[in-house]
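K.L.:
This is the structure, below, for whatever I ask next.
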Amino acid sequence: MTDKQRDVLLSIQDLHVWFELRRFGFGHAGYVKAVDGVTFDLHFGETIAIVGESGCGKSSLMKTILGLNKPTKGKVIFENLDVGALSGEALRQYRAHIGYVQQDPFGALAPFMNVQQILEEPLLINGVKDAAERERRVRKVMEEVKLTPVDDFLHKFPHMLSGGQQQRVVIARAIILEPKLVVADEPVSMLDASVRVEILKLLRGLQEKYHMAVIYITHDLSTVRYFSERVFVMYAGNVVEKAPVNSIVHNPKHPYTAALMDATSDPDANNALTMRELPPGEPPSLVNPPPGCRFHPRCPKRIENLCEVEEPYDLQADDHLVSCWLYK
Amino acid sequence: MNSFKRNLQEILKYPSAIAGSLIILLLVIVAGIVLATIPYSEAIRLWRGGEEVWYANPQYAPPAWINYFRKEKLPVSFSLDSLETDGEKIVTTFEDVDGTTSRTNITYTFDFQADVVPQEMSLYFDAVYVSKQPFVSIKWITPDGRELRVGDFGVDKRMTYRLSQDEKLKRRLGGVVPMVGLFADPNSETGVPLKGTYQLVLESVSFEKDSSIHAEFVFFGQVFGLAGTDHLRRDLTLPLLYGVPIALAFGLLAALGTSVLTMIIAAIGAWYGGWVDELIQRITEVNLVLPFLSILIMVGTFYSRSIWTILGVTVLLSIFTGGIKGFRAIFLQVKESAYIEAARAYGSSDIRVIFKYLIPRMIPLLIPGLVSSVPAFVFLEASLAILGLGDPVLPTWGKIINDAQTNAALYKGLYYWVLEPAVLLMITGLGFAMLGFALDRIFNPRLRGI
Amino acid sequence: MSKDTLLRVEDLVLHFKTQKGSVRAVDGVFFDLAHKEAVVILGESGCGKSSLAKAILRLLPRNIDKYSGKIYLEGDETMAMDDENYRQNVRWVRMSLVPQAAMNSLNPVLKVGDQVAEPMIIHHGVKKEEALIQAAKMFQHVGVPVDFLDRYAFELSGGMRQRVAIAMSLVTAPALVILDEPTSALDVLTQANIFNVLKRLKQELEVSFVLITHDIATSSELADRVAVMYAGQILEVSDAHRFFNEPLHPYSRMLMASVPRLRANTEPEFITGQPPSLLDPPKGCRFADRCPKRFAKCAEEPPVVNVDGIQVKCWLYTS
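Chains as they are written, first to last, in the numbering used here: chain A, -17 to 310; chain B, 94 to 543; chain C, 160 to 478.
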């Protein structure tokens, strides 16, 4: 599905993001290895989903891409720009190149600004000095996200809007600078079911129209197939499986991906009749992750004396990459 | 601006807020009028004037309105100046005898209805002559028609004649204190004063062609004016009125300066974190254990007691206090808000985040706190003045209380001297406190809501 | 009322007084529930479903405008009881609650074991040791290791804390537990785990559940019956099998169609428009202005029609 010939927009190379833990404010007490060796390329206009549970490092990865965290090791290359090496004004300018859609739309909007002020901020900060030009672009982007009639919404404050409308404002703000990449962090998890689909469809429509690349971060596999071309599954700081969306949905290879699939419900009355098979335990601490494969303590298909010792084997078959000894 | 209007409407729902606002409004209007009518230099001149300015006032006189609450009425002070012609109270007649000698008769007529004799009666003469003094003889005519000789003497160019200090008069009255003797009712055993119309008649003879004589008759009653007088005969309305703009200016400037600077510094500390935050926190902790009042007293004693110096030091010492910790705690929460992360993601600079995203979030918390902290600073200024560290030139409420205290006002029963400034202080405090509490109730639930 | 009915709610009304007027959060709710059954109250945010939980358990704020209707618990009319009687004999004795975000509402300075034991001490007057034994049993039922009794809330993961909250609601052995969005802040695997726990509890402890949620897909994990709530009212009460296969009310259908599915190739469809304000809901059917099947009748309040045992509040099903 992925066109290999497309140019690479964003390249993540062996990225590590570690946060130092300090005891009593000083003294080293280890690292939280939030992202621990992630590599992937994102092409122009491509949509990928990063799926994982809370604490798997997907948020840290996202913030590093946004330039909000510094890589500890490895590189983030955005259009030949080494993001990790940027600082000061250059970093500030880089951040403006990436749209950011957050999880909680209400929290993402300053409560004391109205819609117009909120949407003008990125323009003001990035040097659009002409007020008429700003208003023109604000109105245009509001049309794009279907906050219409525009005049009804322009002067409203966030608390006067419904959750879906708030998320439209967040999306409008993310795309107003016409970024090549939008990072959407669980953009619909706080919204009602009926609105979720609407927002995802809006985002997909904008992505196609402007040929933006989108990184969709979620823990909900059921929305992934409506949105992305490729899916990366993260567990404890590592990407354990990378594959086109249909491949993941129909043929999950990694036991963790399979567990996630099994745990995801579709509305079906028979669900109530059976217990779900789930891996025992909880995700490991990122300070002291288990050796070998990080999923091995919970893995039903664990191979003794291998999984807990050796780093998992990366198998690449067509577009489908899985890090697991099962496929050796 | 819509939200401003909404807040205003909300304020109108709280009676205490309306009362508080009205008090503050009234104080501001008074302050404006005072500043417009009494220029600063004039206020200072009057306040530091002493006897020359205030000679016509009685000493330690309570305000005139206390008579409304007394059974035994006290005489009200007044003065009658022969330079001003008044058909009834002052009658001046001039008679040229032979071109050089002339007679000038001045008759002061006044109504006396009090139950207590005045403190004193004085005549302030202003005579014009070259070498020969004019001569004056003074008569006292009581309501029942008796005529008493008060005294006869030659008048110097500027001369003060105090009736109660005239030993001859005292002897003439049979050894009684002149004020009692002059007003005594001959039919009364106890010597209660006789009520009615009294006259003081000055018959003067000048012996030179261009010689003339004027006299101001001052009746030093037991009560004076709206606010009474102090030990230096100063009319207390001056410091009471002039104290309004000073108290407001000090309180508002200190509260505004402290709150705004505290908030900005707390925001900077919380935002940058690291050593900036550490430094601010350590300064705060050190400052918290420093004795605030003692430092102010030292500054006042050794450096300057100017109100502006004290204001500056007060603000400086009040920035790094508990407020900075409180603001910091909230800023640390707000700092993690998604909307601030978003602002960084679309490229906001640190300064912009602090001033455009962090601080506006705090305004709803700041305003009630600011209003409520005004009284504390007004009281602080007064306290310093009471401790003798008030601005040495400015007439303020604290200074009045300080004067009252050094002159043992309460011991002498001069309650008005302490109560008047104290009541004004309390009303000011009440006004700001009532508005502040109402604002707190209006702003804080909204803060939780948004 | 059948003998097997555990809970029956009739025409329950809870309105709140606000500055802008009366908010009709619960406005004529009805449903019933048998022993060992779970009913799902399905509704979107702002439909009044959390207020419904409070109304059933009489956990009311001060600004009540109207609170009426009938609640029968095992045949007893609880609305008729006085507050003290209700507190002593109903709440947490026969009915308990796992509140929204329960895992974040545990007391941070008390050991979780003591917190779970607390309702036993209050309602059954037992000694702390006995209560702790009971708490340990509950920990086993919900799948929390017994040595966690001595831990504090911050030492536990979100899933564990949620299990502790469930144990706390069960320790007094109530017949009915109301779960308000028990898994909404949890990860997929943890959610599934919690539902496994709830399914097991239903079997082992013979407890009934009222599950209040907006998440249609996960609600099917527990549901025996489904009640759809919209703008303060119940629009449909149905058997789970029939509901998840073919709901009757147009709103239920659209809601089902909006669910993204992992195992089917259907394209989800969203519902246009917004739910009405609870301050001033429309006179007739409250869903009418978003309903594709709206017709003239919908301007009037629809009746509750019984279609083969499914109760649906819609003019389409009147004969």
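Glycine included, each C-beta is placed from N, C-alpha and C at the ideal position. Keep in mind it's a predicted model, so treat the numbers as computed, not measured.
Mind listing which residues of the segment 351 to 377 of chain B have their C-beta closer than 8 Å to chain A's C-betas, in chain order?
P.N.:
none
K.L.:
Where do the ends of the alpha helix (DSSP H) carrying residue 343(B) lie?
P.N.:
330 to 365
K.L.:
Taking all protein chains shown into account, do 16 or more other C-beta atoms lie within 10 angstroms of the C-beta of residue -4(A), making it buried, or fewer, making it exposed?
P.N.:
Exposed, because fewer than 16 other Cβ atoms sit within 10 Å of the Cβ of residue -4(A).
K.L.:
How about residue 146(B) and residue 157(B): do their beta carbons lie closer than 9 Å?
P.N.:
no
K.L.:
What would DSSP say about residue 11(A), mapped onto helix, strand or coil?
P.N.:
strand
K.L.:
By the three-class DSSP mapping on this structure, what secondary structure does residue 62(A) have?
P.N.:
coil
K.L.:
Closer than 9 Å, CB to CB, is residue 263(C) near chain F or not?
P.N.:
Absent from the structure is chain F; the protein chains it does hold are A, B and C.
K.L.:
At 9 Å on the CB atoms, spell out the chain A contacts of residue 466(C), in chain order.
P.N.:
What residue 466(C) touches in chain A: nothing, since even the nearest Cβ is about 18 Å away.
K.L.:
Give, in chain order, every unbroken run of the beta strand (DSSP E) that is at least 3 residues long and sits entirely within the segment 192 to 247 of chain B.
P.N.:
195 to 205, 213 to 221, 228 to 234, 240 to 247
K.L.:
Taking one C-beta from the segment 294 to 301 of chain B and one from the segment 450 to 467 of chain B each time, how about it: are there three or more such pairs within less than 8 Å?
P.N.:
No, the segment 294 to 301 of chain B is not in contact with the segment 450 to 467 of chain B.
K.L.:
Give me the chain C residues within the contact set of residue 286(A), using Cβ-Cβ distance strictly less than 7 Å, ordered along the chain.
P.N.:
The premise fails here: residue 286(A) is roughly 24 Å from chain C at the closest Cβ pair, so nothing lies under 7 Å.
K.L.:
Would you mind reading off the limits of the beta strand (DSSP E) that contains residue 470(C)?
P.N.:
469 to 472
K.L.:
Bridge partners of residue 311(C), per DSSP?
P.N.:
270(C)
K.L.:
Do residue 379(C) and residue 233(A) have their beta-carbon atoms positioned less than 9 Å apart in this structure?
P.N.:
no
K.L.:
Just checking my contact of residue 403(B) with residue 393(B) at CB under 8 Å: how many whole Å lie between their CB atoms?
P.N.:
7 Å
K.L.:
What does the Cβ neighbour count give for residue 184(A), buried or exposed, with the cut at 16 atoms within 10 Å?
P.N.:
Per the 10 Å Cβ criterion, buried.
K.L.:
If you measure between the beta carbons of residue 381(C) and residue 199(C), is that distance less than 9 Å?
P.N.:
Contact: yes.
K.L.:
Residue 400(C) lies in the alpha helix (DSSP H); which residues open and close that run?
P.N.:
399 to 404
K.L.:
Considering residue 257(C), what are the terminal residues of the alpha helix (DSSP H) in which it resides?
P.N.:
No alpha helix (DSSP H) contains residue 257(C), which is instead part of the beta strand (DSSP E) from 254 to 257.
K.L.:
Does DSSP put residue 457(B) in a helix, a strand or coil?
P.N.:
helix
K.L.:
Skipping 5 residues on each side, what residues in its chain have a beta carbon closer than 7 Å to that of residue 186(A)?
P.N.:
209
K.L.:
Check whether the Cβ atoms of residue 229(B) and residue 308(B) sit closer than 9 Å, and answer yes or no.
P.N.:
yes
K.L.:
In three-state DSSP terms, what is residue 305(A)?
P.N.:
strand
K.L.:
For residue 45(A), which residues from the same chain have a beta carbon less than 7 Å from its beta carbon, with the 5 sequence-adjacent residues on both sides left out?
P.N.:
51
K.L.:
Nearest-angstrom Cα distance between residue 86(B) and residue 121(B)?
P.N.:
The structure shown does not extend to residue 86(B), since chain B is modelled only from 94 to 543, so the question has no answer here.
K.L.:
Check whether the Cβ atoms of residue 571(B) and residue 317(B) sit closer than 9 Å, and answer yes or no.
P.N.:
Nothing in the structure corresponds to residue 571(B), since chain B is present only between 94 and 543.
K.L.:
Helix, strand or coil for residue -17(A)? Go by DSSP, reduced to three states.
P.N.:
Note that residue -17(A) scores 42 on pLDDT, short of 50, meaning its location in the model is unreliable; the coordinates nonetheless yield the value given after this. Looking at residue -17(A) - three-state DSSP - the assignment turns out to be coil, as it is neither helix nor strand.
K.L.:
May I ask you to report which of helix, strand or coil DSSP gives residue 232(C)?
P.N.:
In the displayed model, residue 232(C) falls within a strand according to three-state DSSP.
K.L.:
Would you check if the segment 418 to 425 of chain B and the segment 352 to 363 of chain B touch, i.e. whether three or more CB-CB distances between them fall below 8 Å?
P.N.:
By the Cβ rule, the segment 352 to 363 of chain B counts as touching the segment 418 to 425 of chain B, because three or more pairs are nearer than 8 Å.
K.L.:
Where are the alpha helix (DSSP H) runs, 4 residues long or more, that stay fully inside the segment 243 to 304 of chain B, in chain order?
P.N.:
260 to 265, 271 to 276
K.L.:
Shortest alpha-carbon distance to residue 390(C) belongs to which of 284(C), 297(C), 260(C), 447(C)?
P.N.:
Just measuring C-alpha positions, the residue of 284(C), 297(C), 260(C), 447(C) sitting nearest residue 390(C) is 447(C).
K.L.:
Between residue -15(A) and residue 229(A), what straight-line distance do the alpha-carbon atoms span, to the nearest angstrom?
P.N.:
Reliability of the predicted coordinates at residue -15(A) is poor, the pLDDT of 48 falling under 50, and no value is obtained from them.
K.L.:
So residue 176(C) is in the beta strand (DSSP E); what residue range does that whole segment cover?
P.N.:
164 to 177
K.L.:
For residue 287(A), count the other beta carbons within 10 Å of its own beta carbon; 16 or more makes it buried, fewer makes it exposed. Which is it?
P.N.:
That one is exposed.
K.L.:
Nearest-angstrom Cα distance between residue 195(A) and residue 221(C)?
P.N.:
51 Å
K.L.:
With a threshold of 9 Å between beta-carbons, can residue -17(A) be considered close to chain C, or not?
P.N.:
Its pLDDT being 42, under 50, residue -17(A) is placed unreliably by the model, and nothing is read from it.
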